[in-house]
Structures are given as C-alpha cells and as structure tokens.
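**Student:** Sharing a structure, written as structure tokens. Questions coming.
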RNA sequence: GGCGGGGUAGCUCAGGUGGUUAGAGCGGUGGUCUCAUAAACCACAGGUCGAGGGUUCGAGUCCCUCCCCCGCUACCA
C-alpha cells in the first residue's frame, strides 16, 4: 500500500439473503477478501472489513409468498445463517449488517434525495405489466412467460432462465402474473431513472487513473463505454424494499441494485455507532487518504466499477474505489454451479464434515483469479493431504516432537550459526516482504504458493541438518537446529494466519507463546524471539488427512443432488393453465409443403422457408438452422400455425410458424406420419 | 454478428516490454532418510506451447488466417 493512504476500507459483495453461502461465494469474494484483510491487520494498517446481507429484491418476496410467510421472516432466517457460517469459516468482518435495517433505509433515502437534488434523477413514464387481480405492477420476476428469444417457457420478467438473456417484461410472450396466474395488462407508471449516461465522461476520466486494475474489470468497462452507458431505472412498484422518499410515490421502492451498494455505507455507519463514535464512518468514506477496495465476483463488475462509482460521483463528497479485485467463477467438478439444481457445496454442510482451514486454503490456492477455476473434491483431498498435512502440518509436528523428545519440550539454546542456519533465518526474515508484495497486488495464488514454499524450505532444512542424528553426536548443534526450526514454526504461524487462522492459533499455543497470532506484526514474523528454556505446549495434529471414503461421501451427495434426466434435459414443465376446446380451436394448424429453404444471412439460427398450404403460398422464418440444413427441408411436409399474426423477422415478413418439438437437446420438426394433402387441418 | 477471455507436461495452472536446455503443484517412476500425520528430501517425467502462415538473427511471447471452449452484447423463433 502506498503511503498516500492512511486507512483501508474493504468491502465484500453483499450476499443475497435467499439461501446459504456456497463455495462460489467463498472462492470469488469472501475468502480472498478475508485473507487480504487479515494480512492488512497484521501489517498494523487501519483497516475495516464491511459487509452485510442484501435483503431486498423480488426473489425474496416471491419466496416469501411461496412459503406463505413475510419477506422479513425469509431474510431473518437466511441472514442469521449466513452470518454464522461466515463466522465459523473465520471470515472476519468488522461489521456484518443487513439492508432491512432502519439505518440502511434512512441512508439510502438520503442518498436518493441528494442525487435527486443534484439533478441526476429523471422521472419517466413507462409501460409496465399490471396484475388486475392483485392490483399491482409486476416488477421483474413477478411476471413470467415464454422467452421471445429462445422459446423457453420459464422466462422471468428480468431474465430468461434458459438462455440467460436479460428481459424486457413487455416482450414476453403470453406473460403470466406469478401472483395470480392471470395474464397481466399493460399500464403506464412513472419511475425514476439514474442518469448514468451523463456521468460516462467522468467515469472514463476516472478509470484512466487506474491502469493497474485487473483486465477483466478494465475490459468490461471499456466495452460498456463503447456501447454507451444508458439511464437506469432505479425504482420499482413493490412493497418490499426502501421506500421512495417522495410525496405521491407511495407503493414505490428503490431498486435493490441501487440500495445494495449503499449498504456498504450504512454498514459502516452501524459499525461506527457500535464503536461509540457515530461520525467515524465519514473518515472511511469521505477522506481521500482512505483506500476503498471492493471485493466482488465478475458478475458484479457493472455495479461496482460503473454504477456505484457514478452514484458516488453524483452524490458528491465520497471517495471512489481505489481498486476492484473482481474474481471469476468457481465451477464444481467441471460444471457450472447451480443453486436451483443444488449443484453446489453449501458452507454449512461442508462445515459439518470438515474443518474451516482446509477449505480456506484450497479456495485461495485455487482461486479463480484470472479465469474460472474448478473445485474438485478429489483435488481438495489431495491438496489438503499433501500441502497442509504432509508439508506444512508435518513440518511443525516434526519440530515440536523432536523438541519434546530430545529437549524435554523446552526451546534449546542456540549456538553458533552455520551458513544453512543463516540461510533459513534469512528466508523467514524476508518472507513477509515477498509474500506481502503478492497480497498488495491482489496476487492471492502467488501469495499462497510462496507461503507454502516457506514450510517446504523448513522440511528441506531439517532433511539436510538431520537434527535427530545431531542430538546424539553433537547435542549443542542439534539444539541449534531445533531452535532455528522452532523460529520457522513461529514465523509460519504468522505467515499462514491470513490463510489458515485457526491453524495458526494452534501453532501459537503449541509454542506456548503469549497473546494471539492476529495481534502479531507481519513484518516481525521472521525475527527470532524464542528464549532458550521456554517450555512448549502440548503438540497437536494440525491437519488430519481426509480419507477416500469421506470424499466419496461428498461426491455421492452431489450425485443425489444432480438433476434427474428429466429436469436436466431441458424438457419444459407442464403448464398449469388449462385451456378450453374453443381456445384450442382458434389455432389454425395446417399441413404444409416446404417448397424452398435458405438460410437468413448473418444469423445463426434462422431459415427462410417458402411453403405451400393447400393453394396458398407464403414465406415463414423459422429458427431451426442449427438443426436442419435448408436442403433437408425442401420437399418435406411440416405442420404450421397458419393464423399466427405476421411478424417481421430480420426484415422478412413471416406469416406463420412451424411446429417443432424441443427436448432440450435438439429440435425436431413435426410432420404427418404419412404423406398427407397439403393444407389439411390439424386438430 | 460484435466485443472480451481462454486453448502450455496425465490433471490444475505460471509464463510484464520476443532471446541460452518452456516452469510449478498434484499424480506417476526410481533413490536417500527415519525426527514426523507410511510423512520428508533428491532425481526423472522429455510436452508439435490449438492449427497453418508471416515478421525477426531469434516467438509460447508480435502480425494474419482458421478451428474449438467460455463469458458479455446485438438481432432473432
């Protein structure tokens, strides 16, 4: 950290309070941020680590309705669980708040008003879907329907679950209100938009001053700038959330993504109040000699590198983030995590079976720093058993055991030092510097490797010096080697503290040293301090080895949770809505002959088909190019919806659509089982 | 279609501004040792650095073309 900064404000992305913490969260945000913060604390820097639960948004209210409880009950449940999980993993927040607290609502409302006053909020009337039965506008996920892009019937109002595209609810085909199951109507409503567009030049100027940021962040922003930032709607017609603090705006709340980052500020306020100095938060948020760092996953780059900084600029009086270490994603056994499919490792379940430190170590060692990485149970086992148990843990154990055995558990005196002794003492003296540099640059994996390498050198030193022989031939020399080795153990306790804090504390106790590891000084980690004659504590095994059977158990658990064939195959679920015969009869399904077929240029999926229905010839556009070559279709018979209203697709008028079955793997066209007269009605 | 990121030893990955025999961890093989959690330490693995072409005295590292994988984005059933 350069001298320009007097203090550090580190934030970790607010986890969404609708489920337990899983390994994706940890690898991408909380383990890296906690390691960084613990390192900074040992450096004796003025640092606070701020986080909290993100408790607004539609996913929570829908869940509440499904379970027949209030949104508050949902978030209470998960907030408590998440907070506890973090604690048990040793993720050391200085404050873990929640966005449903009054302090956050007040902070957000004040923020909103200030930005409004500064002229960065624009009011606009838009069309939105409205559920007449429950008398409310349907924000985001309160509406679902058929995705106009991929045809999935599970598309939500904010995003299609299947193809992942963001959604304008108005473009959904056959939209249905999640609340009533009824089709909604379109009504006008007014909303507030944040004028992100206007701040683009400022954002660009600001980012020019940060060439040191990670490529993923810079590239994302560059792309966004080239596309041009747009005004963002920051209010919703909902009851759950931070109320818009304006007359005549009842029934409107501030969009969850506007209030969530403000949660960092309100969480800091809460911390300051608990400290007994309510204004202390300002020091961290408003003084330019504070270094603000946001730890996030790559999915949050937009909100932390563009939206929130723009909000802070618009508001004025705040510092901007100095760095935004955005991590990529961690997959599980080669597949993307999916909480809905339960393809995940949940922290509470992990902690039932294993200790916290091995997970912290493995996630840091394998952190998705520059690209997505993969969590593999077997690799987790390997790394634990070899790096932690065999290299690190065993080294400490050898040293302490020998001291116990040959020197009655007392630190032996140190005689004259050999070149090898000096070598390793120098190594631990310099280690804080080299490892620290990696931490300062957010090179987590490198830092972890360097840290482990130090214990490897310890083993090498023992191997070469062979104190077990020396104690018989030259006890004084043997004592010296063990004395030096014990200093290495002590250094390792400090050096490993950011990564494996629980283990470090165990070493501290084994060495019977005063105080706690977290109160030591990083830079002093390798300075010898042990007094000859100092009695050690009880030796304990630092890392047990994980047996194949327990790893297999975890793998089996995944198999169980692995989606069944049907769920995974992409077969659409049955629709609940019933239709009458008359409604079915409104569809004019016909047998048609394909006369011509050609690809629509510059598209991946579209074929232009000339078809004949009886005597009627017409053109339709169909999205089957990935499954059928044009020549495969000419001469074939297909079934089409003849009375679908015409649509312009890529400038081509399409009059009708063909029927095809989608089994999630491919599309299969519907055709009469036997040749049939063209134009025959299908019913 | 546009933008971005990847494709390096069996596996997971490192390899600023081009330069002697392309590196690490895990696994595998052989050896040393016995203090220790049957751990440690040493040696070996000889990988067309996705494919092809080019620039250069010299390219994994720069340029062009192409092929795969992954994100974002556009258009679109």
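In the working numbering, the protein residues as written are 6 to 688.
For each residue, glycine too, the CB sits at the ideal point set by N, CA and C.
Computed from a predicted structure; not experimentally measured.
1. Check the DSSP bridge columns for residue 142 and list the partner residues they point to.
2. In the DSSP assignment, find the beta strand (DSSP E) that holds residue 642 and state where it starts and stops.
3. Alpha carbon to alpha carbon, how far is residue 465 from residue 492? Give it in angstroms, no decimals.
4. Could you tell me if residue 560 is buried or exposed, where buried requires 16 or more neighbouring beta carbons within 10 angstroms of its beta carbon?
5. Kindly indicate which three-state DSSP category residue 367 falls into: helix, strand or coil?
6. Count the other CB atoms within 10 Å of the CB of residue 689; is the residue buried (16 or more) or exposed (fewer)?
7. From this set, 129, 248 and 207, which residue's C-alpha is nearest residue 194's C-alpha?
8. Alpha carbon to alpha carbon, what distance is there between residue 312 and residue 143?
9. Quick check: what's the CA-CA separation for residue 38 versus residue 296?
10. Please state if the CB of residue 31 and the CB of residue 352 are separated by a distance shorter than 8 Å.
11. Between residue 230 and the rest of its own chain, which residues show a CB-CB distance below 7 Å, the 5 nearest in sequence each way excluded?
12. Taking 8 Å as the threshold (C-beta atoms), are residue 368 and residue 350 in contact?
13. Taking the C-alpha atoms as reference points, what is the distance between residue 437 and residue 36?
14. Could you name the residues of the same chain whose beta carbon sits closer than 7 Å to that of residue 10, not counting the 5 residues immediately before and after it, in chain order?
15. So what does DSSP say about residue 130, is it helix, strand or coil?
16. Can you pull the DSSP bridge partners for residue 624?
17. Considering only residues of the same chain and omitting the five flanking positions on each side of residue 662, which have a CB-CB separation below 6 Å?
18. Tell me the DSSP secondary structure of residue 26 in three-state form.
19. For residue 59, which residues does DSSP report across the bridge?
20. Could you check which residue in 197, 506 and 370 has the C-alpha nearest to that of residue 124?
21. Once you ignore the five residues that flank residue 289 on each side, which residues in its own chain have a CB closer than 7 Å to its CB?
22. Can the beta-carbon of residue 17 be found less than 8 Å from the beta-carbon of residue 60?
23. When you compare the CB positions of residue 177 and residue 202, do they come within less than 8 Å of one another, or not?
24. Kindly list the residues whose CB is nearer than 7 Å to the CB of residue 339, restricted to its own chain and excluding five residues on each side of it in sequence; keep chain order.
25. Got a sec? Which residues, its chain only, sit under 7 Å from residue 407 by beta carbon, not counting five neighbours each side?
26. Would you tell me roughly how many angstroms separate the C-alpha atoms of residue 320 and residue 251, rounded to the nearest one?
27. Assuming the contact rule is C-beta atoms closer than 8 Å, residue 429 and residue 489 should be a hit. Round their C-beta distance to whole Å, please.
28. What's the call for residue 22, buried or exposed, on a 16-neighbour Cβ count within 10 Å?
29. If you drop the 5 nearest sequence neighbours on each side, which residues of the same chain put their C-beta closer than 6 Å to that of residue 641?
30. Can you tell me which of 557, 318 and 255 puts its alpha carbon nearest to the alpha carbon of residue 116?
31. What's the gap between the Cα of residue 266 and the Cα of residue 127?
32. Identify whether residue 449 lies in helix, strand or coil by the three-state DSSP scheme.
33. Counting beta carbon pairs with one atom in the segment 296 to 308 and one in the segment 322 to 333, are three or more of them shorter than 8 Å?
34. What number of angstroms, rounded off, separates the C-alpha of residue 236 from the C-alpha of residue 399?
35. With a Cβ-Cβ cutoff of 8 Å, do residue 449 and residue 594 count as a contact?
36. Give the range of the alpha helix (DSSP H) segment to which residue 387 is assigned.
**Tutor:** Looking at the atomic coordinates:
1. 135.
2. The continuous beta strand (DSSP E) containing residue 642 extends over residues 642 to 646.
3. Residue 465 has its alpha-carbon roughly 15 Å from the corresponding atom of residue 492.
4. Residue 560 should be labelled exposed.
5. In the structure shown, residue 367 sits in a helix (DSSP, three-state: H, G or I).
6. Nothing about residue 689 can be read from this structure; the chain reaches only from 6 to 688.
7. That would be 129, whose Cα lies nearest to the Cα of residue 194.
8. Spanning the two alpha carbons is a distance of roughly 24 Å.
9. Cα to Cα, the separation comes out at about 14 Å.
10. With respect to residue 31, residue 352 sits close: the two C-beta atoms are nearer than 8 Å.
11. If we look at residue 230 and ignore the five residues flanking it on each side, its Cβ neighbours are 205 and 209.
12. Not in contact: residue 350 and residue 368 (Cβ atoms no closer than 8 Å).
13. Their Cα atoms are separated by approximately 20 Å.
14. Apart from the 5 residues on each side of it in sequence, residue 10 sits with its Cβ closer than 7 Å to the Cβ of 294, 295 and 296 in its chain, given in chain order.
15. Looking at residue 130 - three-state DSSP - the assignment turns out to be strand.
16. DSSP output for residue 624 lists 615 as bridge partner(s).
17. The answer, listed in chain order, is 646 and 649.
18. Residue state, collapsed to three classes: coil.
19. Per DSSP, the beta-bridge partners of residue 59 are 21.
20. Of the listed residues, the one whose Cα sits closest to residue 124 is 197.
21. Sequence-distant partners of residue 289 (beyond 5 residues in either direction) whose C-beta falls short of 7 Å from its own C-beta, in its chain, are 12, 14, 53, 273 and 295.
22. Contact annotation: residue 17 and residue 60 have beta-carbon atoms that are not nearer than 8 Å.
23. Result no, Cβ atoms of residue 177 and residue 202 do not sit closer than 8 Å.
24. Hits under 7 Å: 379.
25. Excluding positions up to five away in sequence, the list reads 472, 473 and 487.
26. If I take the Cα positions, the gap works out to 18 Å.
27. Cβ atoms of residue 429 and residue 489 come within 8 Å of each other, at about 6 Å.
28. Burial call: buried.
29. Taken in chain order, the residues that qualify are 599.
30. That would be 318, whose Cα lies nearest to the Cα of residue 116.
31. Straight through space, the alpha carbons of residue 127 and residue 266 are spaced by roughly 20 Å.
32. If DSSP states are grouped into helix, strand and coil, residue 449 belongs with the helices.
33. Because the criterion of three Cβ pairs below 8 Å is met, the segment 322 to 333 and the segment 296 to 308 touch.
34. If you draw a straight line from the Cα of residue 236 to the Cα of residue 399, it comes to about 58 Å.
35. Judged by beta-carbon spacing, residue 594 lies beyond the 8 Å limit of residue 449, meaning their Cβ atoms are not closer than that value.
36. For residue 387, the enclosing alpha helix (DSSP H) has its first and last residue at 382 to 388.
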